[in-house]
Amino acid sequence: MGLWEKLKDALKKSRDKIVKGFKDIFKRREYDESFWEDLEETLILADVGPETSERIVSSLRKKLKRIKTVDELEEAIVQELLTLLEENKTPEEDNPFYPLVKPSSKPLVVMILGVNGTGKTSFSVKLAKYYKDKGLKPIIGACDTYRVAAIDQLVEWSQRVGVEVIKQFQGADAAAVAYDTVNAARSRGYDIAILDTAGRLHTRDELMRELKKMDKVLKKLDPDYPHEKLLVLDGTFGLNSLKQTRMFHQEIGTTGIVITKLDTSSKAGFVLSIRDELKVPIKFISIGERMTDIQPFDPEGFIRALLARDEVEMRTSA
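Counting along the sequence shown from 1, when you hit position 304 you're at 290 in this note's numbering, and nothing is skipped either side.
Here you go:
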């Protein structure tokens, strides 16, 4: 099964909600007030936040004079969602690290952030394999020093994909592990250093301080470090992820979002709200448990899969 088919399957639960609502709405012959209310409600039920849903509908209302058919309305909705997701999209040209930034000098240093249970550690290994398969040389730092099981798990998974791990003992200074990992990457010619940090509650000040310390220590090696701070979000949390995203972004300054567990979620619409509110780009999505089940976030592919525009007949005569 190709990535496109996996993405369509992953978004089936979300798509069922949206498409059913759209099919009912598009049977209308008049764009009256109840039409717009039902359209907004359909978006909200798909876990697009109320504020984002309201903005989408408000923008469509303004374009109504140019919309003559249901086909045109459907296309206007698609373009509205694409505009929201594609804003500030990272260009791919001449960047082997796409969708991540291209550093002025190697290695690219990436911090992986998030609360417990979002799939940070598995994503760290998936990310390493993704770039290894592209011909780059990754290394991973086991910066989750709270639990020895976390270190052992990271080492085991990394060995399966043939990626080196820098680790210390349980309870070691996580910032020191990050420092050693990046130093090793610089001295041994690695292309990318991935730092798997401990899962933490966004409400725990002392744990946030540890991330800030790690950031400060890395900047002693190079003011540009870390180049990326990726926040991993569990797709099944839906809009409940928004609060933790705000806190991490405010305290740490995240540069990108990763969405995991989309294959079990019916709440994929929250992706639109996070992008709309924080303007932080979504860099990767994970759509399975295998080490190859990640892909760069493609806004058009995501919207097509979410609405299944190539397989579900939503159009009716106006």
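Yeah, the Cβ is synthetic: ideal placement off N, Cα and C, and Gly gets one too.
Thinking residue i and residue j are a contact (beta carbons under 8 Å), I'd like their distance in whole angstroms, please.
i: SER144; j: VAL95; result: That pair is no contact at about 17 Å.
i: LEU219; j: GLY100; result: 7 Å
i: ALA184; j: THR167; result: With a Cβ gap of about 15 Å, ALA184 and THR167 do not count as contacting.
i: ASP23; j: SER39; result: Checking the displayed sequence, the identity of residue 23 turns out to be Glu instead of Asp. Rounded, the Cβ-Cβ distance is 11 Å, inconsistent with contact.
i: MET97; j: LEU181; result: 5 Å
i: TYR165; j: LEU204; result: 7 Å
i: LYS253; j: GLY224; result: 3 Å
i: ASP262; j: LEU31; result: No, ASP262 and LEU31 are not in contact; Cβ-Cβ is about 17 Å, not under 8 Å.
i: PHE234; j: LEU217; result: 5 Å
i: LYS92; j: ASN81; result: Actually they do not touch by this definition, with Cβ atoms about 13 Å apart.
Have a look at residue i and residue j and give me their C-alpha separation to the nearest angstrom.
i: SER259; j: GLN281; result: 21 Å
i: ASP10; j: GLY221; result: 26 Å
i: THR104; j: ARG52; result: 43 Å
i: ARG174; j: THR278; result: 26 Å
i: ASP(-5); j: LYS199; result: 41 Å
i: ALA170; j: LEU264; result: 34 Å
i: LYS(-8); j: GLU37; result: 30 Å
i: TYR132; j: ALA158; result: 8 Å
i: ARG146; j: VAL163; result: 22 Å
i: GLU214; j: GLN65; result: 29 Å
i: ARG172; j: ALA161; result: 17 Å
i: ILE126; j: TYR176; result: 10 Å
i: GLY148; j: VAL266; result: 31 Å
i: VAL5; j: GLY287; result: 16 Å
i: ARG195; j: LEU59; result: 48 Å
i: TYR117; j: PHE12; result: 43 Å
Relative to the C-alpha of residue i, which candidate in the options has its C-alpha closest?
i: GLY242; options: PHE283, LYS123, VAL168, GLU142; result: PHE283
i: SER90; options: LYS253, ALA158, ASP210; result: ASP210
i: PHE83; options: LYS120, VAL64, SER108, ARG47; result: LYS120
i: PRO285; options: LYS153, GLU275, PHE270; result: PHE270
i: LEU306; options: GLU142, LYS118, LEU68; result: In the structure displayed, the chain extends from -13 to 304; residue 306 sits before or after that span and is not available.
i: PRO85; options: ARG276, ALA128, VAL244; result: VAL244
i: PRO124; options: GLU150, GLN154, LYS48; result: GLU150
i: SER45; options: ILE63, ASP130, LEU31; result: ILE63
i: ALA128; options: LYS153, LEU122, LEU113, LYS118; result: LYS153
i: ILE268; options: LYS6, GLU196, GLU72; result: GLU72
i: SER272; options: LEU113, LYS88, ARG290, MET194; result: LEU113
i: ASP18; options: ARG47, ASP33, ASN102; result: ARG47
i: ASN102; options: ASP33, THR246, ILE238; result: THR246
Which of helix, strand or coil does DSSP assign to residue i?
i: VAL244; result: strand
i: PRO282; result: strand
i: PRO124; result: strand
i: ALA160; result: helix
i: PHE270; result: strand
i: LEU71; result: helix
i: LEU(-7); result: helix
i: GLU16; result: coil
i: ILE178; result: strand
i: MET277; result: coil
i: LYS253; result: coil
i: LYS54; result: coil
i: THR28; result: helix
i: ILE4; result: helix
i: THR104; result: coil
i: ILE11; result: helix
i: LEU258; result: helix
i: ILE238; result: coil
Taking the beta carbon of residue i as the centre, do at least 16 other beta carbons fall within 10 Å, making it buried, or is it exposed?
i: THR55; result: exposed
i: PHE256; result: buried
i: LEU(-3); result: buried
i: SER0; result: buried
i: ALA135; result: exposed
i: GLU16; result: exposed
i: PHE8; result: buried
i: GLN230; result: buried
i: LEU50; result: exposed
i: LYS115; result: buried
i: PHE109; result: buried
i: PHE155; result: exposed
i: SER20; result: exposed
i: LYS202; result: exposed
i: GLU275; result: exposed
i: ASP138; result: exposed
Would you verify that the beta carbon of residue i is, or is not, closer than 8 Å to some beta carbon of chain B?
i: ARG1; result: In the displayed structure, chain B is absent; only one protein chain is listed.
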